[in-house]
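Chemist: Just passing along the structure, written as structure tokens.
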Amino acid sequence: MIRDSRSIVIVTGGAGFVGSELVRQLAARGDRVVIIDNLVNGSRANVAEVLSDRVVLVEADIRDLDAVKPYLAKARIVFHLAVLGVRHSVHSPYENHDVNATATLRLLEASRDLGVPRFVYVSSSEVYGTAKWAPMTEDHPTFPCTVYGASKLAGECYTRAYYTTYHYPTVIVRPFNTYGPRSHHEGDSGEVVPKFLLRCMADRPLIVFGDGTQTRDFQFVSDTAAGIILAGEHPAAIGQTFNLGSGSELTINELAELRIGALVTALKDGQVAELGHAVVHLDAEEVHGERQVAELRTEARLDHRAEGQVLRRLGFQPGLRATPLDDGDTAVVLEARRKAVRRRTTLEDRRRRVGSAQRIARILRARLEAGGFRKELLE
Ligand SMILES: NC(=O)c1ccc[n+]([C@@H]2O[C@H](COP(=O)([O-])OP(=O)(O)OC[C@H]3O[C@@H](n4cnc5c(N)ncnc54)[C@H](O)[C@@H]3O)[C@@H](O)[C@H]2O)c1
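This is the structure we're talking about:
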């Protein structure tokens, strides 16, 4: 097989949040990119402005190898990001495993079979489960607490096994929490930063489940994508596993009371002066049914913070944003404003959201009556 004919970079899940930024960075340096995405959670709009004769979107399921193989035959590298998320794993564990783990194994085998020179598996800090120490180094025990985390760990194990068994050149990257434009604000993939931003923009109180002292390592999406490319392509990275995070941590309370408030206040010319008072702590059990409590439990791990020295030694320099959520991430906020367009969701999702919104409203009203909140914040 002639290596030089392999000019394509494949990005599975390239129409999603992180994938679409990865595609942007690859396109900006002139790569030929094939995005493989079934658009279950991603969208054509996420990549529309970069599609061209050099960047194409193939609407296909990664489980459908007949659709994927013709591109693998011409690929020089696969960045594998396609995924079903953590909340999806709570209500659909088999399908979650099927896409995140089994399809990864099948994609590895097809890539090796067709001679793709490099396979990059984008894993997740979820493989660690609850932190036993922070910052978390790559050799921190992997003890996933969710089916999603378990399926991502299985994907990692298969990827590593292809390197150790067949000497197939693979790389594993473990991003921590990522935020930025095109992140999801609702449904199975809804993330805390866009959710908080949208509620701030609407002058609604921010709902924090539990005491809010759990921490996260938030990294801006352009840093995450740049780290994936660097680790994925570096000659010394083959066979290795890399953490990819900012290395600093923020509690959910700090996020709610300081950072988000500051961002939105700046954008609204100081009109939202007292956001700190509009943070409401709720007990998940008080609001939600059993299944949703299980979903929320997936968000309650403590002290997730990356130790990213291994990747830094290869030259990775995060810090397009020096401090997480600092220095006016206007792109994120403006994006939140545009999120008026509702995403396609299942009827069941909608019913669940309406149900919990009503319960939250009831609890907030009761607290208002007890003198806890300013009325206008609850409407
Ligand atoms: N967002 C984060 O904070 C974060 C943190 C750690 C790791 N990651 C990892 O980064 C990767 C991307 O995550 P994201 O946040 O961009 O998620 P996302 O949901 O935005 O993107 C995933 C994409 O995969 C696509 N997809 C799902 N099932 C598919 C299938 N069967 N066939 C083809 N495409 C399919 C979806 O349509 C979507 O576009 C994932 O592997 C995830 O585990 C993300």
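Quick note on our numbering: the sequence shown kicks off at 5 and runs consecutively.
We treat Cβ as the ideally placed atom computed from N, Cα and C, and that holds for glycine.
1. Report, in whole angstroms, the separation of the C-beta atoms of residue 248 and residue 232, which I expect to be a contact under 8 Å.
2. With DSSP as the reference, label residue 237 as helix, strand or coil.
3. Which word fits residue 218, buried or exposed, when buried means at least 16 other C-beta atoms lie within 10 angstroms of its C-beta?
4. Residue range of the beta strand (DSSP E) that residue 125 falls in?
5. Going straight from the alpha carbon of residue 106 to that of residue 68, what length do you get?
6. Classify residue 9: buried if its beta carbon has 16 or more other beta carbons within 10 angstroms, exposed otherwise.
7. Report the residue from 139, 196 and 125 whose alpha carbon sits nearest the alpha carbon of residue 241.
8. Can you tell me where the alpha helix (DSSP H) holding residue 21 begins and where it ends?
9. Going along the chain, which residues of its own chain have a beta-carbon closer than 8 Å to the beta-carbon of residue 236, five neighbours each way excluded?
10. Fully enclosed by the region 81-159, which beta strand (DSSP E) runs are 3 residues long or longer?
11. For a test of the three-state rule: what should DSSP assign to residue 196, helix, strand or coil?
12. Exposed or buried, residue 171, counting other C-beta atoms within 10 Å across all chains shown (16 or more means buried)?
13. Hey, could you find the ends of the alpha helix (DSSP H) residue 315 is sitting in?
14. Go ahead and pull the three-state DSSP assignment for residue 232.
15. Within 6 Å: the Cβ of residue 248 and any heavy atom of ligand 1?
16. What are the boundary residues of the alpha helix (DSSP H) that includes residue 70?
17. Whose CA, out of 319, 145 and 19, lies closest to the CA of residue 38?
18. Just mark residue 136 as buried or exposed, buried being the case when its beta carbon has 16 or more other beta carbons within 10 Å.
19. Could you tell me which residues DSSP puts in a beta bridge with residue 62?
20. Identify, in the order they occur along the chain, each residue of the same chain with its Cβ nearer than 6 Å to the Cβ of residue 179, setting aside the five sequence neighbours on each side.
21. Mind checking whether the beta-carbon of residue 65 lies closer than 6 Å to any heavy atom of ligand 1?
22. Could you have a look at residue 279 and say whether DSSP puts it in helix, strand or coil?
23. When the Cα of residue 58 is compared with those of 65, 257, 238 and 33, which residue comes out closest?
24. Quick one: does the C-beta of residue 102 sit closer than 6 Å to a heavy atom of ligand 1?
25. Just to confirm, are residue 251 and residue 225 a CB contact at a threshold of 7 Å?
26. Is any heavy atom in ligand 1 found nearer than 6 Å to the beta carbon of residue 117?
27. Which word fits residue 146, buried or exposed, when buried means at least 16 other C-beta atoms lie within 10 angstroms of its C-beta?
28. Expressed to the nearest angstrom, what Euclidean distance is found between the alpha-carbon atoms of residue 312 and residue 148?
29. Who does residue 179 pair with in a DSSP beta bridge?
30. Could you check what DSSP says for residue 1 in three-state terms: helix, strand or coil?
31. Only counting the same chain, and skipping five residues up and downstream in sequence, which positions put a Cβ closer than 7 Å to that of residue 109?
Modeler: By the coordinates alone:
1. 7 Å between Cβ atoms; contact.
2. DSSP places residue 237 in the helix class (H, G or I) of the three-state scheme.
3. Residue 218 should be labelled buried.
4. Unbroken beta strand (DSSP E) run through residue 125: 123-126.
5. Distance between the alpha carbons of residue 106 and residue 68: 12 Å.
6. Per the 10 Å Cβ criterion, exposed.
7. Taking residue 241 as reference, the option from 139, 196 and 125 with the minimal CA-CA separation is 125.
8. Counting along the chain, the alpha helix (DSSP H) containing residue 21 begins and ends at 21-32.
9. The answer, listed in chain order, is 81, 83, 122, 124, 175 and 177.
10. Those beta strand (DSSP E) runs which fall completely within the region 81-159 and span 3+ residues are 123-126.
11. In the three-state reduction of the DSSP assignment, residue 196 falls in the helix class.
12. Exposed, by the Cβ-count rule.
13. First-last of the alpha helix (DSSP H) with residue 315: 313-317.
14. In this structure, DSSP gives residue 232 a helical state, which the three-state scheme calls helix.
15. No, the beta carbon of residue 248 sits no closer than 6 Å to any heavy atom of ligand 1.
16. 69-76 is the extent of the alpha helix (DSSP H) around residue 70.
17. If we check each option's Cα against that of residue 38, 19 comes out closest.
18. Exposed, by the Cβ-count rule.
19. Beta bridge pairing from DSSP links residue 62 with 40.
20. Within the same chain, residue 179 has close Cβ partners 228 and 248.
21. Yes, the Cβ of residue 65 comes within 6 Å of a heavy atom of ligand 1.
22. Confidence is the limiting factor: at residue 279 the pLDDT is only 42, short of 50, which leaves the residue's position unreliable and the question unanswerable from this model.
23. Relative to the Cα of residue 58, the nearest Cα in the group 65, 257, 238 and 33 belongs to 33.
24. Residue 102 has its Cβ no nearer than 6 Å to any heavy atom of ligand 1.
25. Contact: no.
26. Checking the Cβ of residue 117 against ligand 1 gives no.
27. Its Cβ being crowded by 16 or more others within 10 Å, residue 146 is buried.
28. One C-alpha to the other measures close to 20 Å.
29. In the DSSP secondary-structure assignment, residue 179 is bridged to 248.
30. In the structure displayed, the chain extends from 5 to 383; residue 1 sits before or after that span and is not available.
31. The residues are 162.
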